[in-house]
Amino acid sequence: MAARGSGASTAARRLMKEYMDLTKNGSPDGMFTAGPISESDFFTWEALICGPKDTPFEGGVFLAKLTFPSDYPLSPFKMKFDPPLFHPNVYPDGTVCISILHTPGDDPTHYEQASERWSPVQCVEKVILSVVSMLAEPNLESGANIDCCKLYRDNKEEYERIVRAKVREQLEVDLGEDEAQ
Numbered sequence: 001m002a003a004r005g006s007g008a009s010t011a012a013r014r015l016m017k018e019y020m021d022l023t024k025n026g027s028p029d030g031m032f033t034a035g036p037i038s039e040s041d042f043f044t045w046e047a048l049i050c051g052p053k054d055t056p057f058e059g060g061v062f063l064a065k066l067t068f069p070s071d072y073p074l075s076p077f078k079m080k081f082d083p084p085l086f087h088p089n090v091y092p093d094g095t096v097c098i099s100i101l102h103t104p105g106d107d108p109t110h111y112e113q114a115s116e117r118w119s120p121v122q123c124v125e126k127v128i129l130s131v132v133s134m135l136a137e138p139n140l141e142s143g144a145n146i147d148c149c150k151l152y153r154d155n156k157e158e159y160e161r162i163v164r165a166k167v168r169e170q171l172e173v174d175l176g177e178d179e180a181q
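As structure tokens, then:
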């Protein structure tokens with residue numbers, strides 16, 4: 001495992017434990033898988049997340065990169081969908097905007113309570129389950145993609161049509177890559 005400074009060994013042990021727990025127990029309802037990209041770097045993970053049922057994301061499988069700081073779990077990790085998702089709480093570059101991944105402490109904008117933000121008791125599984133829930137029920141008061149938020153508010157039907165089309169498009173790209181191999 002790659003080490004990154006003084007807190008890195010604590011972080012690496014914690015990440016190893018979380019990975020072992022996920023491997024042993026799996027995710028609820030098989031909604032996602034997650035683990036390190038390589039055995040030599042436990043600080044960079046990939047997650048495959050299934051679109052929640054009865055949402056426009058249903059049927060899709062979405063790749064996200066999780067990047068952990070050397071002081072994890074004192075600080076939250078970063079999560080980024082690749083390719084980016086069209087969602088009110090996902091920045092256009094794919095970065096996820098969700099309270100549970102915000103730095104611990106009081107929110108300077110007074111929007112979030114400290115209890116909604118990151119704390120060391122959180123884990124990869126809890127965050128990904130929160131993201132799955134976010135996919136189903138966006139938080140429009142804390143938008144990351146303003147155009148998407150506006151569309152969701154003003155014309156939810158059109159938002160859902162666009163998401164379904166993007167999911168279908170992604171599935172076609174993935175199938176095309178599989179056939180080419």
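Following full-length UniProt numbering from start to finish, the sequence shown increments by one per residue and tops out at 181. All residues carry an ideal CB built from backbone N, CA and C; glycine is no exception.
Report task. Measure the C-alpha to C-alpha separation of N145 and Q170 and round it to an integer number of angstroms. Result -> As a position in the sequence shown, residue 145 is number 145, starting the count at 1. As a position in the sequence shown, residue 170 is number 170, starting the count at 1. Distance between the alpha carbons of N145 and Q170 is about 20 Å.
Requested in this report: Have a look at I128 and F32 and give me their C-alpha separation to the nearest angstrom.
Outcome: Reading the sequence shown from its first residue, position 128 is the one you call residue 128. Reading the sequence shown from its first residue, position 32 is the one you call residue 32. Going by the C-alpha atoms only, they are around 8 Å apart.
Query raised in the report: Is K80 helix, strand or coil by DSSP?
Result: To locate residue 80, count along the sequence shown from 1; it is residue 80. Here K80 sits in strand by DSSP.
Requested in this report: Pick helix, strand or coil for P138, following the three-state DSSP scheme.
Outcome: Position 138 of the sequence shown holds residue 138. If DSSP states are grouped into helix, strand and coil, P138 belongs with coil.
Query raised in the report: Nearest-angstrom Cα distance between V163 and D93?
Result: Stepping through the sequence shown from its first residue, residue 163 is reached at position 163. Stepping through the sequence shown from its first residue, residue 93 is reached at position 93. The alpha-carbon atoms of V163 and D93 are separated by roughly 16 Å.
Requested in this report: Alpha carbon to alpha carbon, how far is E172 from A64? Give it in angstroms, no decimals.
Outcome: For the purposes of this step, residue 64 is identified with residue 64 of the sequence shown, where counting begins at 1. For the purposes of this step, residue 172 is identified with residue 172 of the sequence shown, where counting begins at 1. Each residue's alpha carbon lies about 19 Å from the other.
Requested in this report: From the DSSP output, read off the bridge partner residues of A12.
Outcome: Within the sequence shown, numbered from 1, the residue matching residue 12 stands at position 12. According to DSSP, A12 bridges with nothing at all.
**Report entry** Supposed close pair P88, C148 - CB separation, criterion 8 Å
**Finding:** Counting from one through the sequence shown, the residue named residue 88 turns up at place 88. Counting from one through the sequence shown, the residue named residue 148 turns up at place 148. Going by Cβ atoms, the distance from P88 to C148 rounds to 5 Å, so yes, they are a contact pair.
Query raised in the report: Since L65 sits in a beta bridge, which residues does DSSP pair it with?
Result: Position 65 of the sequence shown, counting from 1, holds the residue named residue 65. A small correction: the amino acid at residue 65 is Lys; Leu does not occupy that position in the sequence shown. The partner list for K65 (beta bridge, DSSP) reads E46, K80.
**Report entry** Nearest neighbour of residue 195, chosen from S142, L66, D29 [CA to CA]
**Finding:** Outside the shown range of the chain (1 to 181) lies residue 195, about which nothing can therefore be said.
Query raised in the report: Between the C-alpha atoms of F86 and S133, what's the straight-line distance to the nearest angstrom?
Result: By one-based count along the sequence shown, residue 86 stands at place 86. By one-based count along the sequence shown, residue 133 stands at place 133. In a straight line, the C-alpha of F86 is about 15 Å away from that of S133.
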